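Residue numbers are given in UniProt numbering: position 1 of the sequence shown equals residue 1, and the series is strictly consecutive.
Inspection log for the structure reproduced underneath, given as structure tokens.
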Amino acid sequence: PSHGVELSVGERLILNCTARTELNVGIDFHWEYPSSKHQHKKLINRDLKTQSGTEMKKFLSTLTIDGVTRSDQGWYICAASSGLMTKKNSTFVRVHEKPFVAFSSGMESLVEATVGERVRVPVKYLGYPPPEIKWYKNGKPIESNHTVKVGHVLTIMEVSEKDTGNYT
């Protein structure tokens with residue numbers, strides 16, 4: 001993957017690297033990563049079926065690390081080589097000590113609005129795994145409906161006086 005990967009200490013990391021070539025070309029894979037000397041890794045290379053109607057063959061290399069540690073954090077690079085050409089792809093793997101949630105201090109403590117306006121109150125946080133967000137008005141859970149949408153942003157479509165309250 002070209003995007004980052006996040007997990008906690010002890011979880012299993014699985015990364016796939018796929019290459020496509022012409023039918024008569026083979027592929028060798030090479031991985032570079034922070035803890036490449038670890039005993040708890042497993043590498044599987046395999047040829048995948050040729051897609052019918054195409055002149056291409058697909059190869060897959062899967063890197064699996066059971067029970068990641070903080071030393072497994074860093075850049076993971078997969079190189080696929082045909083002998084004539086080498087292509088690389090990389091992703092950053094972040095390993096958290098344990099699951100966490102941290103809220104940003106930048107959240108609004110008072111939101112003022114004019115009747116009829118749309119009001120949006122975002123939640124600013126960092127967390128792994130991504131937390132489930134629940135909104136409450138005056139201590140009672142809020143459910144999404146045609147006037148209110150809940151999620152990482154609380155949206156009140158057309159605010160009215162009945163929307164006044166303490167939101168958490």
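In this text, a Cβ means the ideal position worked out from N, Cα and C, and glycines have one as well.
Computed from a prediction, not measured in an experiment: that's the story for all the values here.
Query, Result
"Taking the beta strand (DSSP E) that glutamate 32 belongs to, which residues open and close that run?", "28-32"
"Taking the alpha carbon of methionine 157 as the reference point, which residue from Ser144, Trp75, Gly165, Pro130 has its own alpha carbon closest?", "Ser144"
"Beta carbon of serine 61: closer than 7 Å to some heavy atom of the ligand COA?", "This structure lacks the ligand COA; in fact it carries no ligand of any kind."
"So what does DSSP say about arginine 70, is it helix, strand or coil?", "helix"
"In whole angstroms, what separates the C-alpha of valine 74 from that of glycine 83?", "The displayed chain sequence assigns glycine, not valine, to residue 74. Computed Cα separation, rounded: 27 Å."
"Taking only three categories from DSSP, how would you classify glutamate 11?", "coil"
"Considering only the beta carbon of each residue, do glycine 151 and isoleucine 133 sit closer than 8 Å?", "yes"
"Can you name, in chain order, every residue of its own chain whose Cβ lies under 7 Å from the Cβ of proline 122, other than the five neighbours on each side?", "His152, Val153"
"Measuring straight from C-alpha to C-alpha, what distance separates tyrosine 167 and threonine 62?", "46 Å"
"What number of angstroms, rounded off, separates the C-alpha of lysine 137 from the C-alpha of proline 99?", "27 Å"
"Considering only the alpha carbon of each residue, which of Phe103, Ser105, Arg94, Ser109 lies closest to serine 8?", "Arg94"
"List the DSSP bridge partners of valine 93.", "Val5, Gly74"
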